[in-house]
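J.: Protein chains in written order, with the numbering used here: chain A, 74 to 454; chain B, 52 to 371; chain C, 8 to 354.
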């Protein structure tokens with residue numbers, strides 16, 4: 074029994090039976106309620122003409138469902154067919170599927186480390202850039218920065234990976250070996266991967282932060298400046314706190330991108346699945362940086378050669394499902410944070426549409442922001 | 052000095068004590084901090100722009116040597132021309148956009164024009180956002196097992212252009228829903244009201260007024276999305292195959308396997324043993340960056356020009 | 008060592024300064040390759056220099072292509088997938104075959120596991136594999152219907168960073184095992200320069216790594232926490248190229264692409280050449296297989312016949328730096344054939 078079967082054989086019939094039963098047996102109140110809900114008050118003719126659009130919406134939902142069900146449907150065979158215990162999978166430290174060992178602990182640690190590094194490096198720069206674009210830059214610079222961000226977002230991740238090998242890995246190696254005073258480290262590891270990821274998620278965090286800052290009412294700035302605050306004081310004490318939920322949303326979505334990035338990380342992280350990213354020692358410099366691995370990298374590297382039906386193949390799907398769950402959690406978190414913001418980006422207002430007086434440059438930037446960011450939480454209502 | 056004196060005069064009069072030094076110093080510090088931050092922000096923006104320009108030049112100067120018309124349009128047995136890859140890149144891009152744009156637009160129309168805010172819109176929004184959050188490597192695996200292979204109930208299209216295009220559809224659908232929503236929302240309500248006042252029903256308003264009016268904003272979004280799709284690798288590695296047939300690639304058969312430029316770049320760097328593989332890989336990377344520039348700067352500029360040309364004199368004059 | 012370290016240190020200083028002032032990446036390019044520090048203090052190593060691989064040993068001997076002739080009654084599509092190591096040969100030979108016969112051959116390099124699985128399920132006509140099918144079987148009896156065609160031999164070579172050029176050019180199998188098991192972490196422990204050894208490996212699922220493990224590490228599992236694992240041959244070469252004191256392995260076809268970037272070395276005094284493989288002295292090589300489900304038929308058979316013909320074997324195959332399987336001695340072939348492997352089909 075996998076997720077797919079559970080869904081098609083239990084969930085769908087259950088929903089159909091419940092709704093149908095209520096409609097047939099629930100009396101006029103329920104009938105009215107269900108009809109009202111389904112028709113949304115449109116006339117029959119209007120409803121029929123609406124079908125193509127509603128169908129598109131259904132397809133979008135179906136797409137997500139199919140992805141979740143197919144990944145989920147293959148995810149549990151590690152436990153059911155290969156009899157790996159849940160605890161052994163999540164706490165095991167050795168990933169050597171050919172020997173029957175599929176411990177994902179170090180992979181999860183690797184993913185966390187790389188992600189945290191990338192976000193910690195990227196966030197201050199991104200927010201600074203967003204502040205620059207919205208508060209400091211003259212119009213020409215503002216218009217110049219938008220394609221810059223889009224190009225950063227558009228460089229293929231494989232190209233980032235190759236750039237990383239040629240430019241960032243040597244840099245990390247030199248810096249580390251210089252600091253410890255001996256040649257100890259080749260540069261492949263979480264730091265190189267984190268640095269490159271920081272550049273890759275920068276457009277996401279920046280563009281969402283720009284939206285958040287741009288959504289603040291002009292009155293906030295004017296009030297602060299009228300009190301005699303300098304621009305920096307206005308930014309620090311008024312604008313950043315007021316847009317914090319939007320910025321935080323951007324950080325979470327950037328985190329999502331960092332967690333899911335594969336190729337660039339695969340080139341840089343050293344992908345040794347049986348290592349922690351850092352190992353503490355008793356001798357100077359008291360720690361060793363080591364090549365480590367992440368969930369995505371291991372999926373990517375093992376999938377090519379794994380034979381369907383083998384433990385390795387099953388374990389890859391389990392890893393994928395774990396990754397899927399992490400990305401769901403991040404999306405949910407971003408929605409929650411976005412819903413708590415006092416000032417929402419203009420296109421997130423419940424009423425949705427703009428009057429013509431408000432349309433302008435914003436519409437094209439909003440579309441651009443949607444491209445640089447992988448997704449924005451929209452209306453929370 | 053006069054300004055500072057004026058600033059402190061109120062406080063001085065109230066307390067009766069000279070506060071000029073402390074306040075002036077504080078204000079001077081604030082101004083200094085303001086100036087430092089301004090310079091810092093400028094230098095961050097400049098540094099990042101410099102970094103981008105350096106990246107682009109680094110890639111282009113490494114691979115510019117091989118690029119010529121023959122390189123991008125033809126193929127040969129020695130494997131040192133990328134005609135099939137260029138063709139596949141656009142083929143897969145257009146195929147997936149053909150599916151993706153109508154779907155995304157339809158979904159957006161439902162969301163923006165029809166649906167009442169409530170459980171249904173929340174579900175759709177949650178679906179698009181969640182789908183947008185799914186890592187592309189997972190969509191690659193999914194595309195392989197659902198579109199390409201026939202095990203476990205997959206559709207069995209084989210490792211092919213079609214499987215790759217459909218995987219890209221799933222990957223970019225949320226983005227296009229989002230872009231279409233923005234485009235629709237940028238259409239002023241007056242148009243809707245005017246259309247309704249003329250007696251058009253909702254469907255007529257949508258198809259004859261809103262969609263045409265939204266196209267300018269949509270074009271920009273689609274072009275940017277396309278620029279991103281060109282570079283996608285992880286989702287295509289397992290779905291389109293890492294190779295193209297040397298002959299017969301110039302066909303519209305969606306069931307042929309066909310690697311895109313990005314996948315080709317990966318395969319060359321990974322296992323390429325054809326003569327000169329490294330140089331071909333560099334040139335492929337250069338080509339990718341050139342395409343990115345063409346899409347993000349060239350085509351968008353062109354779309355902007357066209358929009359202005361078409362939209363000249365309509366109600367969308369508040370721009371600028 | 009000091010010189011070397013100072014070289015790194017001074018470049019490192021520059022690079023680190025660059026890091027601090029944020030636009031650092033630009034600086035590194037200016038730094039260039041810093042790994043050329045001089046060194047003279049090592050004792051004359053025992054076996055480290057007793058053999059060396061020259062660029063000519065691994066460079067392809069021919070650059071010519073084969074020409075296919077039309078086989079009567081052959082048409083349609085031929086689908087091939089599997090080993091990324093063997094795919095280039097089939098891509099090239101397939102194109103020549105298509106040109107003569109009007110067929111459409113598609114070759115998808117997606118890994119030996121997939122190739123075997125796909126040919127077993129009938130999804131493709133030919134499945135390419137780096138390893139014998141039965142070694143990949145997860146259940147007994149799986150792949151028993153597959154028929155083997157040993158179309159090529161691929162030789163692998165150990166490669167080291169260029170700063171070891173002229174200082175380490177030969178390793179014994181025992182040395183290699185010590186390195187890959189992490190028992191030796193500095194080249195000086197083997198009589199080489201005082202320099203950290205950075206081990207670059209392939210993923211456990213890789214066919215190349217399986218070959219390496221079986222014939223060089225004598226089947227033992229290595230657990231080396233310092234080892235970098237790189238997804239593919241290209242990334243291995245890039246890592247070895249970028250890291251002083253690094254060692255890794257690649258097929259000779261790939262190593263030949265980077266003659267100035269990495270240095271191939273001997274194993275046990277033998278070179279990765281047909282001569283040393285034939286005499287049994289060189290062990291790091293593998294047989295490349297093209298599997299069909301049941302005996303080959305139709306267009307797939309014609310294609311395999313073409314690949315095994317002199318046209319391909321004497322031209323394309325050598326140009327892509329494979330070795331001819333048919334010229335290997337029976338002793339050599341059997342040394343790399345697991346017990347119980349079915350005999351390959353003669354076409």
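Yeah, the Cβ is synthetic: ideal placement off N, Cα and C, and Gly gets one too.
For residue 318 of chain C, does the count of other Cβ atoms within 10 angstroms reach 16, so buried, or fall short, so exposed?
T.: Looking at its Cβ environment, which holds 16 or more other Cβ atoms inside 10 Å, residue 318 of chain C is buried.
J.: For residue 204 of chain B, would you say it is in contact with chain C, using Cβ-to-Cβ distances shorter than 7 Å as the test?
T.: Not closer than 7 Å to any Cβ of chain C, the Cβ of residue 204 of chain B fails to qualify, so no.
J.: Starting from the beta carbon of residue 128 of chain B, find every residue of chain C whose beta carbon is closer than 7 Å, and list them in chain order.
T.: Those are 72, 99, 102, 103, listed as they occur along chain C.
J.: Would you kindly report the start and end of the unbroken beta strand (DSSP E) that includes residue 206 of chain C?
T.: 205-208 is the extent of the beta strand (DSSP E) around residue 206 of chain C.
J.: Can residue 78 of chain C and residue 307 of chain C be called in contact, C-beta distance under 7 Å?
T.: No.
J.: So does the segment 344-352 of chain A actually touch the segment 235-250 of chain C, counting three or more Cβ pairs closer than 8 Å?
T.: Result yes; three or more Cβ-Cβ pairs closer than 8 Å.
J.: Can you tell me whether residue 142 of chain B is helix, strand or coil according to DSSP?
T.: Residue 142 of chain B falls in the helix class under three-state DSSP.
J.: Which first and last residues belong to the beta strand (DSSP E) in which residue 88 of chain C is found?
T.: 84-89 is the span of the beta strand (DSSP E), which, as asked, contains residue 88 of chain C.
J.: Pop quiz: residue 144 of chain A and residue 221 of chain B are said to be a contact at Cβ under 8 Å. What is the actual Cβ separation, rounded to whole angstroms?
T.: So it is not a contact: roughly 12 Å between Cβ atoms.
J.: Where does residue 71 of chain C land, buried or exposed, given buried means 16+ other C-beta within 10 angstroms?
T.: Exposed, because fewer than 16 other Cβ atoms sit within 10 Å of the Cβ of residue 71 of chain C.
J.: For residue 138 of chain A, which residues in the same chain have their Cβ closer than 8 Å to its Cβ, ignoring the five residues on either side in sequence?
T.: 80.
J.: Does the beta-carbon distance from residue 295 of chain B to residue 282 of chain B come in below 7 Å?
T.: No, these two residues do not count as a Cβ contact at 7 Å.
J.: For the putative contact between residue 158 of chain B and residue 130 of chain A, defined by C-beta atoms under 8 Å, what is the C-beta separation to the nearest angstrom?
T.: Rounded, the Cβ-Cβ distance is 5 Å, consistent with contact.
J.: Could you check whether the Cβ of residue 400 of chain A sits closer than 7 Å to any Cβ belonging to chain B?
T.: Answer yes: the Cβ-Cβ gap between residue 400 of chain A and chain B drops below 7 Å somewhere.
J.: Using 7 Å as the threshold, is the C-beta distance between residue 289 of chain B and residue 191 of chain B below it?
T.: Taking 7 Å as the Cβ cut-off, residue 289 of chain B and residue 191 of chain B qualify as a contacting pair.
J.: Which residues in chain C have a C-beta closer than 8 Å to the C-beta of residue 238 of chain A? List them in chain order.
T.: Those within 8 Å of residue 238 of chain A in chain C are 242, 245, 246, 249.
J.: Is any beta-carbon of chain C found at less than 7 Å from that of residue 194 of chain B?
T.: It does not; no Cβ of chain C falls within 7 Å.
J.: Does residue 241 of chain B pass the burial test, meaning 16 or more other C-beta atoms within 10 Å, or should it be called exposed?
T.: Exposed is the call here.
J.: Given a cut-off of 7 Å on the beta-carbon distance, is the pair residue 155 of chain A and residue 387 of chain A in contact?
T.: Contact: yes.
J.: How about residue 84 of chain B and residue 390 of chain A: are their beta carbons less than 7 Å apart?
T.: Taking 7 Å as the Cβ cut-off, residue 84 of chain B and residue 390 of chain A do not qualify as a contacting pair.
J.: With C-beta atoms as the reference, is residue 3 of chain C less than 7 Å away from residue 61 of chain C?
T.: For residue 3 of chain C there is no data in the structure shown, the boundaries of chain C being 8 and 354.
J.: Rounded to a whole number of angstroms, what is the C-alpha to C-alpha distance between residue 93 of chain C and residue 324 of chain B?
T.: About 10 Å.
J.: For residue 340 of chain B versus residue 143 of chain B, is the C-beta spacing smaller than 7 Å?
T.: No; because the gap between Cβ atoms is not below 7 Å, this pair is not in contact.
J.: Using the Cβ count rule (16 or more neighbours within 10 Å means buried), how would you classify residue 336 of chain C?
T.: Exposed: under 16 other Cβ atoms inside 10 Å.
J.: Using a 10 Å radius around the Cβ and a threshold of 16 neighbouring Cβ atoms, would you call residue 148 of chain C buried or exposed?
T.: Exposed, because fewer than 16 other Cβ atoms sit within 10 Å of the Cβ of residue 148 of chain C.
J.: For residue 265 of chain C versus residue 277 of chain C, is the C-beta distance shorter than 7 Å?
T.: No; because the gap between Cβ atoms is not below 7 Å, this pair is not in contact.
J.: Give the DSSP-derived three-state secondary structure of residue 48 of chain C in the structure shown.
T.: Here residue 48 of chain C scores only 39 on pLDDT, less than 50, and its place in the model should not be relied on; the value that follows carries that caveat. In the structure shown, residue 48 of chain C sits in coil (DSSP, three-state: anything other than H, G, I, E or B).
J.: Using a Cβ cut-off of 9 Å, pull out every chain B residue sitting near residue 91 of chain C, in sequence order please.
T.: Chain B residues near residue 91 of chain C: 293, 318, 321, 322.
J.: How would you write the range of the alpha helix (DSSP H) that residue 342 of chain C sits in, first residue to last?
T.: Per DSSP, residue 342 of chain C belongs to the alpha helix (DSSP H) from 337-342.
J.: Buried or exposed for residue 73 of chain B, please, with buried defined as at least 16 other CB atoms from any protein chain shown within 10 angstroms of its CB.
T.: So residue 73 of chain B ends up on the exposed side.
J.: Counting contacts by CB-CB distance shorter than 7 Å, is residue 168 of chain C in contact with chain B?
T.: No, because no Cβ of chain B sits closer than 7 Å to the Cβ of residue 168 of chain C.
J.: Does any CB atom of chain C fall closer than 7 Å to the CB of residue 357 of chain B?
T.: No, its Cβ sits nowhere closer than 7 Å to a Cβ of chain C.
J.: Residues of chain A with CB closer than 8 Å to the CB of residue 89 of chain B, please, in chain order.
T.: Neighbours of residue 89 of chain B on chain A, chain order: 209, 304, 305.
J.: Considering only C-alpha positions, which residue in the set B:251, B:277, B:268 is nearest to residue 219 of chain B?
T.: Checked all of B:251, B:277, B:268; the closest Cα to residue 219 of chain B is B:277.
J.: Leaving out the 5 sequence neighbours to the left and right, which residues in its chain are closer than 7 Å to residue 186 of chain C when beta-carbon positions are compared?
T.: The residues are 204, 206, 254.
J.: Using a Cβ-Cβ cut-off of 7 Å, state whether residue 235 of chain C counts as contacting chain A.
T.: Chain A contact via Cβ: present.
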